[in-house]
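Since the structure comes first, as structure tokens, the remarks are kept for the end.
Here you go:
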């Protein structure tokens, strides 16, 4: 069967900071729809922190970036969510859980929730909070993995054997003759890549690709009917541990950058700190506000609004600064439409504040869900990278 004639996409597995998202696309006529999807969030009982952290081993670059963020990560909550509250607070359960993401058990849990996955071919991505991303002047010029790691100045290249790194690169920009040649270099621990492949294999799946988040979200963006594929758009992956901006066009990331701005998880930690509550309680509070629950006290509601709006303002300023550089790199060509993905898209007040501060169209990413989807589909904004991975099935070789 040709790629174009395929009915089902790959099983997309997005291993986030504290949750695993699984999604599979299905072709209905000429369009793709989400046929199956689930989010499995870690709890104190399911944590094992299988995967490592490239940034933790080469701390200087990451530490500098986090120092410039509005809020710093505080000590991690060990509060487990009460079982009886889970059904009523499913929104929060999808977007957040305890502070460390899990392993094969979470992938298996998400697969079990999906119920209707087809085939054994999968693709995966790892949170940008566990990777390094650099934009460099020049082209790879045939550099191999070790050459890319050295040239890309990956922090772990100074502290670990290069054989312990998994590194890749791609040409940035639109490919115009007058553009300055630039290259993105992305790296992760090779042990992470091996662990993901082994985890998928233990479920009977074959990992066909491990993709970088910018590529996954660029592919997903093209599936939102509001996204202008030819003109392109900005994709904000506002995750629990990192905030990544990608300029996407025709399913390809022209540019990508990790923003020096609060992650969605940092917003919740700030709420927990200021209200002197456990993180789990703060998550439930934010979830209630997102649902429009009138039971939230005015004081708590005002504090959440301030925390979210201040974070969104910082994010918008970083977007403005980054987009200005990209406009220059594209010789004056400007992209303004912004699509928000990840847990940050579900924060109350976030989208409205981004619209006000960014001053251009801002939407929460979404796409069509199949009419025969089994169960309640997760919030689409959480599924973008997993959906982008599934779409690899139809990508031309």
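Residue numbers (the working numbering): 1394 to 1790.
Note that the Cβ used here is the ideal one computed from N, Cα and C, for glycine as well.
Is the beta carbon of residue i sitting closer than 8 Å to the one on residue j?
{"i": "residue 1589", "j": "residue 1517", "result": "yes"}
{"i": "residue 1612", "j": "residue 1515", "result": "no"}
{"i": "residue 1641", "j": "residue 1736", "result": "no"}
{"i": "residue 1586", "j": "residue 1576", "result": "no"}
{"i": "residue 1734", "j": "residue 1616", "result": "no"}
{"i": "residue 1626", "j": "residue 1728", "result": "yes"}
{"i": "residue 1758", "j": "residue 1614", "result": "yes"}
{"i": "residue 1432", "j": "residue 1503", "result": "yes"}
{"i": "residue 1778", "j": "residue 1427", "result": "no"}
{"i": "residue 1667", "j": "residue 1696", "result": "yes"}
{"i": "residue 1520", "j": "residue 1595", "result": "no"}
{"i": "residue 1578", "j": "residue 1606", "result": "no"}
{"i": "residue 1772", "j": "residue 1631", "result": "no"}
{"i": "residue 1639", "j": "residue 1664", "result": "no"}
{"i": "residue 1814", "j": "residue 1532", "result": "What is shown of the chain runs 1394 to 1790, which leaves residue 1814 out entirely."}
{"i": "residue 1528", "j": "residue 1643", "result": "no"}
{"i": "residue 1337", "j": "residue 1624", "result": "Because the chain here runs from 1394 to 1790, residue 1337 falls outside it and cannot be looked at."}
Under DSSP, the alpha helix (DSSP H) around residue i begins and ends at which residues?
{"i": "residue 1563", "result": "Residue 1563 -> not in any alpha helix (DSSP H); beta strand (DSSP E) instead, spanning 1558-1564."}
{"i": "residue 1783", "result": "1777-1783"}
{"i": "residue 1718", "result": "1691-1722"}
{"i": "residue 1430", "result": "Per DSSP, residue 1430 belongs to no alpha helix (DSSP H); it is in the beta strand (DSSP E), 1424-1434."}
{"i": "residue 1661", "result": "1657-1667"}
{"i": "residue 1538", "result": "1538-1544"}
{"i": "residue 1676", "result": "1672-1683"}
In whole angstroms, what separates the C-alpha of residue i from that of residue j?
{"i": "residue 1628", "j": "residue 1781", "result": "12 Å"}
{"i": "residue 1419", "j": "residue 1410", "result": "27 Å"}
{"i": "residue 1691", "j": "residue 1673", "result": "20 Å"}
{"i": "residue 1538", "j": "residue 1768", "result": "43 Å"}
{"i": "residue 1706", "j": "residue 1726", "result": "24 Å"}
{"i": "residue 1775", "j": "residue 1417", "result": "14 Å"}
{"i": "residue 1732", "j": "residue 1525", "result": "23 Å"}
{"i": "residue 1741", "j": "residue 1618", "result": "24 Å"}
{"i": "residue 1717", "j": "residue 1512", "result": "43 Å"}
{"i": "residue 1336", "j": "residue 1557", "result": "The first residue shown for the chain is 1394 and the last is 1790, placing residue 1336 beyond what the model contains."}
{"i": "residue 1402", "j": "residue 1498", "result": "23 Å"}
{"i": "residue 1572", "j": "residue 1601", "result": "33 Å"}
{"i": "residue 1544", "j": "residue 1523", "result": "20 Å"}
{"i": "residue 1464", "j": "residue 1423", "result": "In this prediction, residue 1464 has a pLDDT of 29, which is less than 50 and means its spatial position is unreliable; nothing more can be read from the coordinates."}
{"i": "residue 1506", "j": "residue 1407", "result": "15 Å"}
{"i": "residue 1710", "j": "residue 1580", "result": "27 Å"}
{"i": "residue 1414", "j": "residue 1509", "result": "15 Å"}
{"i": "residue 1704", "j": "residue 1429", "result": "32 Å"}
{"i": "residue 1720", "j": "residue 1653", "result": "19 Å"}
{"i": "residue 1655", "j": "residue 1715", "result": "15 Å"}
{"i": "residue 1756", "j": "residue 1534", "result": "38 Å"}
{"i": "residue 1681", "j": "residue 1645", "result": "36 Å"}
{"i": "residue 1620", "j": "residue 1785", "result": "18 Å"}
{"i": "residue 1593", "j": "residue 1412", "result": "16 Å"}
{"i": "residue 1449", "j": "residue 1743", "result": "At residue 1449, the pLDDT of 40 sits below 50, so the modelled position is not reliable; the number obtained from the coordinates is stated separately. Cα-Cα distance, rounded: 29 Å."}
{"i": "residue 1687", "j": "residue 1701", "result": "18 Å"}
{"i": "residue 1747", "j": "residue 1671", "result": "28 Å"}
{"i": "residue 1547", "j": "residue 1434", "result": "30 Å"}
{"i": "residue 1404", "j": "residue 1570", "result": "38 Å"}
{"i": "residue 1679", "j": "residue 1501", "result": "28 Å"}
{"i": "residue 1783", "j": "residue 1421", "result": "15 Å"}
{"i": "residue 1669", "j": "residue 1693", "result": "11 Å"}
{"i": "residue 1562", "j": "residue 1745", "result": "35 Å"}
{"i": "residue 1439", "j": "residue 1699", "result": "Any reading at residue 1439 must be qualified, since the residue scores a pLDDT of 40, below 50, and its modelled position is unreliable; the value itself is stated next. Those two C-alpha atoms are separated by around 33 Å."}
{"i": "residue 1713", "j": "residue 1684", "result": "30 Å"}
{"i": "residue 1648", "j": "residue 1750", "result": "22 Å"}
{"i": "residue 1608", "j": "residue 1789", "result": "14 Å"}
{"i": "residue 1622", "j": "residue 1730", "result": "11 Å"}
Kindly indicate the opening and closing residues of the beta strand (DSSP E) around residue i.
{"i": "residue 1576", "result": "1575-1582"}
{"i": "residue 1732", "result": "1731-1734"}
{"i": "residue 1641", "result": "1636-1642"}
{"i": "residue 1625", "result": "Taken as a continuous stretch (DSSP letters only), residue 1625 belongs to no beta strand (DSSP E), as it is neither H nor E."}
{"i": "residue 1645", "result": "1645-1651"}
{"i": "residue 1755", "result": "1755-1757"}
Have a look at the DSSP bridge pairing and note the partners of residue i.
{"i": "residue 1532", "result": "Beta-bridge pairing links residue 1532 to no other residue."}
{"i": "residue 1344", "result": "No answer is possible for residue 1344: it lies beyond the span of the chain, which begins at 1394 and ends at 1790."}
{"i": "residue 1500", "result": "For residue 1500, which the question treats as bridged, DSSP gives no partner whatsoever."}
{"i": "residue 1527", "result": "1578"}
{"i": "residue 1762", "result": "1427"}
{"i": "residue 1602", "result": "1516"}
{"i": "residue 1742", "result": "None, per the DSSP bridge assignment."}
{"i": "residue 1748", "result": "Paired residue(s): none; residue 1748 is not in a bridge."}
{"i": "residue 1420", "result": "1425"}
{"i": "residue 1631", "result": "1636"}
Would residue i pass as an interface residue toward chain D - the criterion being a Cβ-Cβ separation below 8 Å?
{"i": "residue 1542", "result": "In the structure shown, chain D does not exist; there is a single protein chain."}
With a cut-off of 8 Å, do at least 3 Cβ pairs link the segment 1746-1766 to the segment 1654-1668? These segments do not touch.
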